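In my numbering, the protein residues as written are 39 to 449.
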């Protein structure tokens, strides 16, 4: 006699198999409708040319159709079905469905045979037809800032990878200048596409504000540094303020007291929380916070700041809001003959892939973008399944290399 848990698993597997079969019936019905109405059904491809946005011709692929009666119509070679795979592999269609869905108790030999047959026949499940049957699209909408900068791009890639690993596809919309009209248009398009939940990657203050009160009738997770409350959505973030405090604390532990911060853009939440972290740690150590130097995340802005600071007089240490800015700042120091870390210590933020290759290798705060993406998707899936999500912020890691040294070791 089956245990209750085993019966539930069996029932779910049978339901999945039935869904696969019904989705194929829907697809087959569509194919019949096309044929009977005289419309076409894609089978072979022939090249076609169209003009792109710039007027240049684009190579496109247009469907070509043939049938046994000549002319156009249904192909004599139909799309393989789950029953074709089952017949060729010598198993039931339920077994095929369980194996292709990653479940079931089939032997490894049977599993490999089914996968090989499915590949040989070119069997592909129709996601749209399956969605009609299951009423699940397994699609997540992602709204992201269109900035090509390291943080937003890495976060977007991490969210997409985590969603894919969880069996979800992503529909991505990027936003240049955030406006209510543009944001609402994206939400309408997502709703029409049947997305199940939304992740908003909001490095800029404006985009985080637009995510408030979205009222889309679906779970919304907002990745907004330092924002614990986003009305109408769930906020999740990596604690960059703590990362900034770690960087500043490290310099204080080395005996530095005059620690300048070169900040990123203040219309970015990342820039604001890193300033807060530096200020809080200086205050906790009883040290005065020197004048902040504001950059715009670019290496050029930090290079210009570095030249000014060399003219005005240098502190003993600098915490720079990003590794790219640290690179520009280092160039200015090198041109003036300032030795790092002998004359001045530097800490960056991000742990960009080039940080370890800089001269000297850069001490920096590492953000785990892969883990941010995984946790974001986990929170969204918890909301979809009506579970309580884990919203505890992640903490970045200080990576100590060779760009920092104790004050008393400097020449």
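C-beta atoms are modelled at their ideal positions from N, C-alpha and C, and glycine is treated no differently.
Note that the coordinates shown come from a computational prediction; the quantities given were computed from them, not determined experimentally.
Residue i (DSSP reduced to helix, strand or coil)
i	result
residue 311	helix
residue 101	The pLDDT assigned to residue 101 is 35, lower than 50, so where the model puts this residue is not dependable; a value taken from the coordinates is nonetheless given after this. In the structure shown, residue 101 sits in a strand (DSSP, three-state: E or B).
residue 335	coil
residue 396	coil
residue 299	strand
residue 408	helix
residue 370	helix
residue 388	strand
residue 273	strand
residue 281	helix
residue 148	helix
residue 330	coil
residue 433	coil
residue 261	strand
residue 355	strand
residue 268	coil
residue 445	helix
residue 286	helix
residue 383	strand
residue 123	helix
residue 134	helix
residue 417	helix
residue 440	coil
When the options are compared against residue i, the one with the closest alpha-carbon
i	options	result
residue 262	284, 239, 151, 270	239
residue 302	189, 418, 422	189
residue 366	205, 290, 300	300
residue 127	219, 245, 154, 146	154
residue 254	246, 260, 235	235
residue 297	273, 328, 304, 324	328
residue 145	129, 160, 158	129
residue 159	187, 192, 120, 275	120
residue 217	444, 247, 210, 207	247
residue 363	343, 203, 375	343
residue 117	427, 161, 138	161
residue 414	195, 132, 186, 123	195
residue 207	177, 219, 185	177
residue 187	241, 137, 156	241
residue 376	210, 345, 265	345
residue 432	143, 147, 274	274
residue 440	395, 419, 416	395
residue 138	416, 205, 209, 184	205
residue 420	294, 256, 147	256
residue 304	295, 335, 226, 294	335
residue 318	152, 280, 380	280
C-beta atoms of residue i and residue j nearer than 9 Å
i	j	result
residue 354	residue 382	yes
residue 401	residue 442	yes
residue 252	residue 243	no
residue 282	residue 321	no
residue 397	residue 352	no
residue 278	residue 315	yes
residue 270	residue 224	no
residue 193	residue 411	yes
residue 399	residue 393	yes
residue 260	residue 429	no
residue 249	residue 221	yes
residue 358	residue 330	no
residue 325	residue 444	no
residue 276	residue 405	yes
residue 237	residue 181	yes
residue 389	residue 378	no
residue 348	residue 370	yes
residue 213	residue 183	yes
Interface flag, residue i vs chain B, CB-CB below 9 Å
i	result
residue 442	The displayed structure is made up of one protein chain only, and chain B is not part of it.
Query raised in the report: Unbroken beta strand (DSSP E) runs of length 3 or more, entirely within the stretch 156–230: which are they?
Result: 177–183, 207–213
Query raised in the report: Taking contact to mean at least 3 C-beta pairs separated by less than 8 Å, is the stretch 305–321 in contact with the stretch 337–348?
Result: no
Query raised in the report: Counting Cβ pairs closer than 8 Å, one from the stretch 189–202 and one from the stretch 222–230, do we hit at least three?
Result: no
Requested in this report: Decide yes or no for the touch test of the stretch 425–439 against the stretch 275–294: beta carbon pairs closer than 8 Å, at least 3 of them.
Outcome: Flag = yes, the stretch 425–439 and the stretch 275–294 touch.
Requested in this report: Could I get the ranges of all uninterrupted alpha helix (DSSP H) runs contained in the stretch 233–259, with 4 residues as the minimum, in chain order?
Outcome: 243–248
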